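**Student:** This is the structure I want to talk about, given as C-alpha cells.
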Amino acid sequence: MSTTRTEPCNDTRGDALRNEDLSISQILKERGVSRRDFLKFCSTVTAALALPPSFAPSVAQALDEVKRPPLVWLEFQGCTGDSEALLRSANPTVGEIVLDILSVDYHETIMAAAGHQAEAALDKTITDYKGKYFAVIEGSIPMKDGGVYGCVGGKSNLERARQVCGGAAATIAIGNCASYGGIPAAAPNPTGAVGVKEAVPGATVINLPGCPCNADNLTATIVHYLVFNKIPALDGHGRPLFAYGKRIHDNCERRPHFDAGQYVEKWGDEGHRKGYCLYKMGCKGPATFHNCPTQRYNEKTAWPIGSGHPCVGCAEPQFWDVMSPMYRRLPNVPGFGIEHTADAIGLGLAAGAAGAFVVHGALSAMRKDKEPGEDTKED
Amino acid sequence: MSDRCKFKQYVWELPLRWFHWINVLAIVVLSGTGFLIGHPVTLGASASDYAMGWIRLIHFVAAYTFTVSVASRVVWAFIGNEHASWRAFFPMFSAKGREKLRHMVRYYTLQTHQVPETVGHNPLATTAYFFLFLVYLGMILTGFAMYATHAPGGIMFKSLGFMYSHFTLQGMRLAHHLGMWLIFGFVINHIYSAWLMDIKEHGGEISSMFSGYKFTVKKGD
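Those sequence lines, one after another, are chains A and B.
With our numbering as the guide, the letters of the first sequence map in order to residues -6 to 372.
With our numbering as the guide, the letters of the second sequence map in order to residues 464 to 684.
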C-alpha cells in the first residue's frame, strides 16, 4: 500500500482539497488513493467498529457520498501524546486517511498558521459550521482559580471548551486526560483538572480514553458518525462500546496461561520468557475495558501485554490513582504506608483479635463465675 | 454449682441450622479459593491445564451458594421463630434489650461474675451479626460486580450498574480482600465466644447449632 502514501496534512491544504463539494472518495482519488485501497480501508474500519463484514459496502457507499466535515483539534492540559500517536502511526494508516479526508481547520501542533491568524481560523470554523463541525479535545481542562492554569491566545481552556464543544456536532475527548482528567487530575490535582464532559456537561462527548488513545479507534468513531450520522453506542463512562465493550482480560492472548495457572513470578524468569500471564506482576487487564488485544498498535503488530508488560489500565477513569501501584494486584490501603498490603493489614487484624481473645480466655478461665440461676434467667 | 434441673428448649429450627453450616462451608471454600485467586500459585504444567479455571469455578459456585443462603436467612428472619426473628438483631431499640445488652457487656468486660442466660441469641452477638450481614452484603455486591465484568451488557452487569458508577473495580477488589479479613476477625470472635459461653453457661451453646436444643433455667413455652 506504499503507493498510497499521502503527505502530512499540514502542508497539503491545496485549493482542490478545500473544496467542500467533493466527496471523500473523490478527495482520496485526487490524492492518489486507489479504489482498491479505499475499499480495503472500508473493510478495516468496519472490523474496527465490530460490525459484520457485510457492512463494508455500506461504509464504502456512505463515504462515497458524504462530504468532508470540518474538524478542530484543541490541545489543552496534556502531553500531545494522542496527536503523536496519530501522526506517528504506520503509513498509510486508516488514521492518516481520515485526517486527510477531514478538513482539519485547527490543530495547534500541526497547523502552519500561528498566532492571531490561527485563532481567527478557529473562530471562523466554529461560527461558519456551527452544529456541523467535529471537535477533538486533547488534554484535561483545569478548573481551579477560574481556569487560569491553561490559556491559549488569552482565552482559558475552559472558556474555549465551552465555546467550541457547545457548538460542535459531536466532541471527541481523545486520551484519558480529555476523557477523565488523566495524569493532570492525579492526586493532589493542583490545577483542578477534569475531563471535557465534566467541564462542559451540555456537550455531546464521546470519550476515547487511553494513554495514548489508539488512533484506529478515533478513525472508526469518525467513520461511524459519517456512515450512520449518529454517535456510536456508549458505555457508562461515555466510551464507544465497539472499542471499550470488552475487558482486556477476556480477549488477552495470554488468557489461557491465566486459566491454566501459569504466571510470571518475576521479571525475566522462565515464565516471562515463555509469555505466561502477567497477573501477579500487577496486570490491570481484569479491570480495564479496551480493545488493545484485538486492535493493537503499530500496524497491529504489538501491544503492551503482548510485549511482556502488564496492562496499567490507562483506559479507565482516574487510572493514575486507582490503578496504582502499577506492578501490584491491589491498591494500597488509604492511611497506611505504601509497604502495607491489604492482606498484611488483614493478617494483623486477625492476629490482634486472636491475641485479645487468648488473654480474655485466660482471664475468664481463672475466674469463678456463677452460672445462670433463678435470679439471672432470661425473662 | 447449681444442681437444679434445666429445661430443654428447641431454639434453632432446622433451616436456620442449615443456613449456618452452609455459610461456614461457603466461607471456608470462598476464603481458600479467594486466596488462590488473589495470590495465584503456578499450578499449571502446560497451557492446556485449567487450574485457575477450576479454582474460579469453585469460588463462583460457592459464591452463589453463599448468596442464596444469606438471602434465605434474611427471609427466615420474617418467617422463622422468635429467636430467628429480625427483632432479635436490634436489641438496642427496646428497654429490655438494652438491659440484656448492658449485662452482657459487663460480663464480657469482666465486671461481673454473674453469667447472664440467653435462650436464643446473645444480644451482643446479634448486634455483631447485623454488621456481619452488612459485610456479607458488601462481599456479595463487590464479588458479583467483579464477576459480571466478563459479560458487560448482560443482566447482572446492568443490574449492578450502580456499583460501577460509585466504585472502581480496583477499589472493589481491595474491599473484597479487606471484607474477608473482617469476616476472619468475626469468626475468631464468634468461635471464642461460643466456646466461652458453652463453658460458663452450661446450656449446650455449641451443640445447639447441631441439635437445635438449648438447656435453660427458664421454662419453655
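Glycine residues also receive a C-beta, built at the ideal position from the N, C-alpha and C atoms.
Keep in mind the model is a prediction, meaning the values are calculated, not measured.
In the DSSP output, what is Asn200 of chain A paired with across the bridge?
**Tutor:** A:Ala166
**Student:** Under a Cβ-count criterion, where at least 16 other Cβ atoms within 10 Å of its own Cβ denotes burial, should Thr(-3) of chain A be classed as buried or exposed?
**Tutor:** Confidence in Thr(-3) of chain A is poor, its pLDDT being 39 and thus under 50, which makes the residue's placement too unreliable to answer from.
**Student:** If you draw a straight line from the C-alpha of Pro183 of chain A to the C-alpha of Val59 of chain A, how long is it?
**Tutor:** So the alpha carbons of these two residues sit roughly 44 Å apart.
**Student:** Figure out for me which residue from A:Trp296, A:Pro63, A:Ala192 and A:Glu246 has the closest Cα to the Cα of Gly139 of chain A.
**Tutor:** A:Ala192
**Student:** Suppose the cutoff is 8 Å on Cβ atoms and the five residues either side in sequence are ignored; what does the same chain contact list for Lys273 of chain A look like?
**Tutor:** The residues are Tyr256, Val257, Glu258 and Arg322.
**Student:** Counting C-beta neighbours from all protein chains within 10 Å, is the total for Gly108 of chain A 16 or more, i.e. buried, or is it exposed?
**Tutor:** The residue in question, Gly108 of chain A, is exposed, as its Cβ has fewer than 16 Cβ neighbours within 10 Å.
**Student:** Thinking C-beta only, is Ile17 of chain A closer than 8 Å to Leu44 of chain A?
**Tutor:** no
**Student:** What are the residues of the region 574 to 598 of chain B that lie near chain A, defined by any Cβ-Cβ distance shorter than 8 Å?
**Tutor:** His576, Gln577, Val578, Pro579, Glu580, Thr581 and Val582
**Student:** Below 8 Å, can you find three or more Cβ-Cβ pairs linking the region 236 to 244 of chain A to the region 603 to 616 of chain B?
**Tutor:** In this structure the region 236 to 244 of chain A touches the region 603 to 616 of chain B; the number of beta carbon pairs closer than 8 Å is three or more.
**Student:** Taking Cβ positions only, does His109 of chain A come closer than 8 Å to chain B?
**Tutor:** Look at His109 of chain A: its C-beta is not under 8 Å from any C-beta on chain B.
**Student:** Using 8 Å as the limit for Cβ to Cβ distance, is Val326 of chain A near chain B?
**Tutor:** yes
**Student:** Compare the C-alpha of Phe541 of chain B against each of B:Ile646, B:Met672 and B:Leu479 and name the closest.
**Tutor:** B:Leu479
**Student:** Closest to Val351 of chain A by CA distance: which of B:Tyr655, B:Gly495, B:His665 and B:Gly666 is it?
**Tutor:** B:Tyr655
**Student:** How many Å lie between Pro318 of chain A and Ser557 of chain B at the Cα?
**Tutor:** 48 Å
**Student:** Against chain A, does Met515 of chain B count as a neighbour if the rule is that its beta carbon must be under 8 Å from one of theirs?
**Tutor:** yes
**Student:** For Ala253 of chain A, which of B:His653, B:Trp517 and B:Ala591 has the nearest alpha-carbon?
**Tutor:** B:Trp517
**Student:** By the 10 Å Cβ neighbour count, where 16 or more other Cβ atoms means buried, how is Thr120 of chain A classified, buried or exposed?
**Tutor:** exposed
**Student:** For my contact list, Gly132 of chain A and Glu68 of chain A are in at a C-beta cut-off of 8 Å; report their separation, rounded to the angstrom.
**Tutor:** 6 Å
**Student:** Any idea what DSSP makes of Ala295 of chain A, helix, strand or coil?
**Tutor:** strand
**Student:** How long is the line joining the alpha carbons of Leu10 of chain A and Ile298 of chain A, rounded to whole angstroms?
**Tutor:** Because Leu10 of chain A sits at a pLDDT of 43, beneath the cut-off of 50, its placement in the model cannot be relied upon, and the following sentence gives the value as read from the coordinates. So the two alpha carbons sit approximately 40 Å from each other.
**Student:** Do Val315 of chain A and Pro327 of chain A have their CB atoms nearer than 8 Å?
**Tutor:** Not a contact, by the Cβ cut-off of 8 Å.
**Student:** At the level of alpha carbons, what is the spacing between Leu373 of chain A and Asp228 of chain A?
**Tutor:** Shown here, chain A extends from -6 to 372; a query on residue 373 of chain A therefore has no answer.
**Student:** Across which residues does DSSP place Lys60 of chain A in a beta bridge pair?
**Tutor:** A:Ser16
**Student:** Going by other Cβ atoms of all chains shown within 10 Å of its Cβ, with 16 needed for buried, is Asp75 of chain A buried or exposed?
**Tutor:** Asp75 of chain A is classed as buried because its beta carbon has at least 16 other beta carbons within 10 Å across all chains shown.
**Student:** How would you list, in chain order, the residues of chain B whose beta-carbon sits under 7 Å from the beta-carbon of Gln255 of chain A?
**Tutor:** Thr505, Gly507 and Ala510
**Student:** What's the C-alpha gap between Tyr473 of chain B and His629 of chain B?
**Tutor:** 45 Å
**Student:** Just grab the DSSP bridge partners of Tyr473 of chain B for me.
**Tutor:** B:Tyr676
**Student:** Measuring alpha carbon to alpha carbon, tell me which residue in A:Leu42, A:Cys144 and A:Cys276 is nearest Trp260 of chain A.
**Tutor:** With distances taken between Cα atoms, Trp260 of chain A lies closest to A:Cys276.
**Student:** Given that a residue counts as buried once 16 or more other Cβ atoms are within 10 Å of its Cβ, and exposed if not, what is Pro177 of chain A?
**Tutor:** Buried, since its Cβ has 16 or more Cβ neighbours within 10 Å.
**Student:** Can you list the residues of chain A that Ile521 of chain B reaches, using a CB-CB cut of under 7 Å?
**Tutor:** Correct list: empty, because the minimum Cβ distance to chain A is about 13 Å.
**Student:** Is Ile542 of chain B close to chain C? Criterion is C-beta to C-beta, closer than 8 Å.
**Tutor:** Absent from the structure is chain C; the protein chains it does hold are A and B.
**Student:** Leaving aside the five residues before and after Ser674 of chain B along the sequence, list all residues of the same chain whose C-beta is less than 6 Å from its C-beta, in chain order.
**Tutor:** none
**Student:** Is the distance from the Cβ of Ala128 of chain A to the Cβ of Val65 of chain A below 8 Å?
**Tutor:** yes
**Student:** Please confirm whether Gly339 of chain A has its beta-carbon closer than 8 Å to some beta-carbon of chain B.
**Tutor:** yes
**Student:** Could you check what DSSP says for Leu227 of chain A in three-state terms: helix, strand or coil?
**Tutor:** strand
**Student:** So, does the CB of Gly264 of chain A fall closer than 8 Å to a CB anywhere in chain B?
**Tutor:** yes
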